[in-house]
Amino acid sequence: MSLLKSREALLGGAILLLLALIASRFPGFVAPDNLARVFTDTSPLLILALGQTVVILTRCIDLSVAANLALTGMVCAMLNAALPGVPVVVILLLAVTLGAVMGMVNGLLVWKLSIPSIVVTLGTMTIYRGIIFLISDGAWVNAHEMSAAFTGFPRAQIAGLPVLAWFGILAAAAMVLMINRTPLGRAFYAVGGNPHAAVYTGISVGRTQFWAFTLSGALAGLCGYLWVARYAVAYVDIAGGFELEVVAACVIGGISIAGGAGTILGTILGALFLGIVKNALPVIDISPFWQMAISGTAIIVAVTLNSRNARAKGRIILRKAQEQTEGATA
Amino acid sequence: MSDTSVTPRSIPDRLQSPAARLLASWELLLLVVAVAIFIANSLASPYFLNAWNLSDATFNFTEKAMIAFAMALLIISGEIDLSVASIIALASTAMGAAASVGFGTPTLVLIGLATGLACGAFNGVLVTRMGLPSIVVTIGTMSLFRGISFIVLGDGAYRDYPSDFSYFGQGYVFWVISFEFVLFAALAVAYYVLLHRTNFGRTVYAIGNNVTAAQFSGIRVERVKFILFLLTGLMSGVAAICLTSRLGSTRPSIGTGWELEVVTMVVLGGVSILGGAGSIPGVVIAAFVMGLVTFGLGLLNVPGIVMSIFIGLMLIGVIALPRVWKAWRA
């Protein structure tokens, strides 16, 4: 019963209903190869949302992910254009490292100077975007300047799915393991759920937030390379405004902006929901201009529903004692 | 949101003298920065000290500052509104639609203001009646409001505004003093009085410092917050009228990214993003600082995106420096 009431089940049901509605008129949309295409298209959003989830769990927010993605992507593209011989593995490592460093900058400012994360990432967002312009001089890196290995990697097929989709699956699996099976994963919840209690149990709030930002940055960096290679173009404004879509995926997935509540499964479903809506609109012949209003409505509906589920806070672990005190006062 | 530690509010034994307080105040520091930028600009470019050029420069910040005043009150009360730029888009679209069927200027102004109020009321109801976190609600309505503009306009534009409508954004009251600047100054005074000289203003601080205490002292917290959302919506409507009139056209992408610039302006002006502290004079000076930086660098042919690096650095710098200073002295 509690399974049916959970927000993940609710959201999963909504996604199935959505797919059924689309399939009733356009059966082609739910064909396996098309669903695979939709998933591949959603993978960057999913990967970024996974990082954002961890940040939001610790009561912070990372608005710099899209700028981080764009800057890393530009660096990768320029490196590839200048030195086409550098293997993709090296570029991939560079992207993750560079992204992580940018995340660490956010994390350090939040940790060491205790500046609110929304201010820090608002600032670094514009700074990272500006740096792209400084290093590229506003010029584009186009497909013909990139090597075939560079652009081909995210599209290469492994077991019927492109590498991009596999990165989405791997990131999700790794994140589920990390959250549920490591001390750091528990620390993210502890810090967000009750920072004071977390300190008393020996968890450093600032350090945990630092790792959350580092993780979010590393995933944004990874997406930076994948994004630029997939679309075979890099310029200043790529993924402009994407940070809010990422936050939206988390919120729709039931991650509480107040921290400490939500699951990775929720985030995955939230990202898939937005991805399906985005890909379905052209199919059912609704102008893509509707997408923005629909995701806005989805956010509001999701947060309204989540606030109803969020009433029961914490677990009563001393039920007997509570009943006794209640009995005594009655 | 991102408050990880509750800083203990100490009550000093003896109050500082007014002069000492002024010397150590944020506003004075900011004023010094503004004057320094002004002098640097006049030395760097021979075109800077010119009445008409300076008058042009004010358009860089007047519209954003109008929203920033209301936003300052909202942030002091502990809430935030990220949908302001989207309210501009929706109000502008509503005015454009009305103008295209032949309504006159007075009606257009009313429609602009009413749209702003309606959007503010929508945010306010969701936050105060449903008890939802404002940052999530307004990320949602940010997509929703601009999404409606996109549905209405698509990739089109409204251009046929009556000729006397252009006064709000292009008219001059006296010599180089534009209508927008006069409106900005009048609103600055109005908001100064509202925040610093009325009961209502005191309640805004009280709510931001301690919601529970405010509630117990008889302040109708929800109503005050609702009024603040209404005001922010209304100011976005006013800004929409000025901006639409200045540009003479409406596209759904109008004012994209302004919400972050407005928040930057408010935070730069010394308003605590965690609520409870800040002043209108601070916001006014911050508006000038941002306007002068943008304009001065523009005269030196520095591209807009590079200016945003300065704005980002300033945002983080002005908040980080006092903290670094305090940590270093301790």
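Sequence order for the protein chains is V and U.
Heads up, the first sequence is in this note's numbering, so the first residue is 1 and it goes up one at a time.
Heads up, the second sequence is in this note's numbering, so the first residue is 1 and it goes up one at a time.
Glycine residues also receive a C-beta, built at the ideal position from the N, C-alpha and C atoms.
Everything numeric in this text was worked out from a predicted model, so none of it was measured.
- Counting along the chain, no alpha helix (DSSP H) covers residue 174 (chain U); the unbroken beta strand (DSSP E) around it starts and ends at 172-174.
- Exclusion of the five residues before and after residue 169 (chain U) leaves 242, 245, 246 as the residues of its chain whose Cβ lies within less than 6 Å of its Cβ.
- At the C-beta level, residue 33 (chain V) and residue 279 (chain V) stay beyond 8 Å of one another.
- Membership of residue 154 (chain U) in any alpha helix (DSSP H) is not indicated, and neither H nor E is assigned to it by DSSP.
- For residue 16 (chain V) and residue 219 (chain V), the gap between their C-alpha atoms comes out near 28 Å.
- Remark: C-beta atoms of residue 27 (chain U) and residue 279 (chain U) approach each other more closely than 8 Å.
- Cβ neighbours of residue 243 (chain V) within its own chain (closer than 6 Å, five residues either side excluded): 63, 65, 66.
- Annotated three-state conformation of residue 161 (chain V) is strand, per DSSP.
- For chain U, the residues of the segment 63-96 of chain V that bring a beta carbon within less than 9 Å of one of its beta carbons are 63, in chain order.
- Linking residue 267 (chain U) to residue 232 (chain U) through their CA atoms gives a straight-line distance of about 16 Å.
- The contact set of residue 266 (chain U) on chain V, defined by CB atoms closer than 7 Å, is empty, because the minimum CB distance reaches about 10 Å.
- When the beta-carbon positions are compared, residue 136 (chain U) and residue 257 (chain V) come within less than 8 Å of each other.
- Cβ neighbours of residue 154 (chain V) within its own chain (closer than 7 Å, five residues either side excluded): 162, 163, 164, 226, 229, 230.
- Using a Cβ-Cβ cut-off of 8 Å, residue 142 (chain U) is close to 244, 296 of chain V, given in chain order.
- A contact is defined here as three or more CB-CB pairs under 8 Å, and the segment 255-273 of chain V meets this definition with respect to the segment 43-60 of chain V.
- Residues of chain V with a Cβ closer than 9 Å to the Cβ of residue 125 (chain U) do not exist, since the nearest Cβ in that chain sits about 11 Å away.
- Under the 10 Å beta carbon count, residue 129 (chain V) is surrounded by 16 or more other beta carbons and is classified as buried.
- Apart from the 5 residues on each side of it in sequence, residue 87 (chain V) sits with its Cβ closer than 8 Å to the Cβ of 149 in its chain, given in chain order.
- Put simply, the CB of residue 169 (chain V) is far from chain U, with every gap to its CB atoms at 8 Å or more.
- In the DSSP assignment, residue 290 (chain V) falls outside any alpha helix (DSSP H), carrying neither H nor E.
- Per DSSP, residue 82 (chain U) lies in no alpha helix (DSSP H) segment and is marked neither H nor E.
- Taking 8 Å as the threshold, the shortest C-beta distance from residue 129 (chain V) to chain U falls below it.
- Inter-residue distance for residue 195 (chain U) and residue 202 (chain U) is about 7 Å (C-alpha atoms, whole angstroms).
- Collapsing the DSSP output to three states places residue 234 (chain V) in a strand.
- Spanning the alpha carbons of residue 104 (chain U) and residue 310 (chain U) requires a straight line of approximately 42 Å.
- For residue 257 (chain V), a Cβ of chain U is located within less than 8 Å of the residue's own Cβ.
- For residue 61 (chain U), the closest Cβ of chain V is not nearer than 8 Å.
- DSSP places residue 249 (chain U) outside both helix and strand once states are collapsed to three, so it counts as coil.
- Note: residue 178 (chain U) is bridge-paired with U:172 in the DSSP secondary-structure output.
- Taking the Cα of residue 138 (chain V) as reference, the smallest distance to any Cα among V:197, V:123, V:71 is reached at V:71.
- Taken atom to atom, the span from the alpha-carbon of residue 39 (chain U) to that of residue 251 (chain U) is near 37 Å.
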